[in-house]
Each structure stands twice: as structure tokens, then as C-alpha cells.
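See below for the structure under consideration.
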Amino acid sequence: MAKFFFFEKIVQLFYTHVFTEPKNTYSKPTQLSITFGSGYLAGVVCAIVSHPADSLVSQLGKPQNKGKSLGAIVNEVGFGNLATKGLGTRVVMIGTLTGMFIFNLSNAIADGFLMCRLPMVDL
106 MAKFFFFEKI VQLFYTHVFT EPKNTYSKPT QLSITFGSGY LAGVVCAIVS HPADSLVSQL
166 GKPQNKGKSL GAIVNEVGFG NLATKGLGTR VVMIGTLTGM FIFNLSNAIA DGFLMCRLPM
226 VDL
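Counting from 106, one number per residue, gives the positions in the sequence shown under my numbering.
Written out as C-alpha cells, the structure is:
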């Protein structure tokens with residue numbers, strides 16, 4: 106849900122501050138580029154927010170951390186390491202996946218609505 110929230114906010118920011126003309130004045134490729142970019146950035150935000158907790162869960166699964174409390178693991182590993190180690194790879198992965206997912210979803214929805222508006226042809 107956070108990805109969709111951030112996606113909508115980022116799209117709104119793009120159309121408010123960067124692409125300031127009415128949305129329908131931009132070409133379909135431009136609108137889809139904005140959609141992909143917004144999805145990518147939403148994925149980046151979500152990756153940054155969720156990375157420390159996911160890293161901590163990974164640390165819990167290591168045999169040397171069995172029986173340790175979350176606080177003890179954070180103190181040993183350090184919050185900086187939990188928040189940054191592997192973050193670059195995660196940002197690329199989650200950003201790209203989210204960007205492509207939202208891009209494909211919005212494209213499919215737009216095409217679906219377009220198909221509904223086309224007149225039916227009898228063969």
C-alpha cells in the first residue's frame with residue numbers, strides 16, 4: 106500500500122512542479138515515462154524505509170544470533186549497517202520492479218479502457 110501512496114504523491118509532484126501543463130496535453134509516451142519514473146521513485150522510497158527492518162529479520166535467521174533479542178542484534182550489528190548494507194542493490198531491484206509493475210499496470214488499464222470505448226465491429 107505504501108508504494109501506491111508514494112506513487113500517487115510523486116506523480117502529483119511531477120505534474121505540479123515539473124510537467125506543469127494539463128496532463129492530457131502530454132503525449133502517451135511522456136505520460137508513461139512519468140508513470141514509470143514515479144513508480145521507480147516510489148519503489149526507492151519504500152526500499153529505503155523497509156530495508157533496516159528486513160535486514161534485522163535476516164540477522165535473526167543467522168545461527169549466531171539464535172536466542173538474542175532484537176535490541177542486542179541492533180547493538181552488535183549497528184543501526185547504520187542495518188540501514189545501509191546492501192541498500193544500493195535493493196534500491197535498484199525494488200525501484201525497477203515497482204516502476205515496471207506500475208508502468209505495466211497503468212498501461213494495461215489504459216488499454217482496457219480504450220478497448221471498451223472502441224465500437225464493436227461485426228465480422
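Note that the Cβ used here is the ideal one computed from N, Cα and C, for glycine as well.
Alpha carbon to alpha carbon, how far is residue i from residue j?
i	j	result
V196	K190	11 angstroms
P168	V162	13 angstroms
G166	L137	40 angstroms
T194	V150	14 angstroms
L210	G185	35 angstroms
N242	A107	There is simply no residue 242 to check, as the chain begins at 106 and stops at 228 in what is shown.
V182	K171	14 angstroms
E126	F110	23 angstroms
M198	S160	15 angstroms
Y120	Q164	41 angstroms
K133	A177	52 angstroms
M114	T135	Note that residue 114 is Lys in the sequence shown here, rather than Met. Distance between the alpha carbons of K114 and T135: 18 angstroms.
Under 8 angstroms, do residue i and residue j count as touching if we go by C-beta distance?
i	j	result
I139	V116	yes
A152	G200	yes
F141	Y131	no
L187	V179	yes
Does residue i pass the burial test, meaning 16 or more other C-beta atoms within 10 Å, or should it be called exposed?
i	result
L118	exposed
H122	exposed
S174	exposed
F112	buried
Got a sec: does the ligand ADP put a non-hydrogen atom nearer than 7 angstroms to the Cβ of residue i?
i	result
V197	This structure lacks the ligand ADP; in fact it carries no ligand of any kind.
- Message: Is it the case that the segment 128 to 148 contacts the segment 205 to 212, given that we only count it when at least three CB pairs across the two stretches are under 8 angstroms?
- Response: Yes, the segment 205 to 212 touches the segment 128 to 148.
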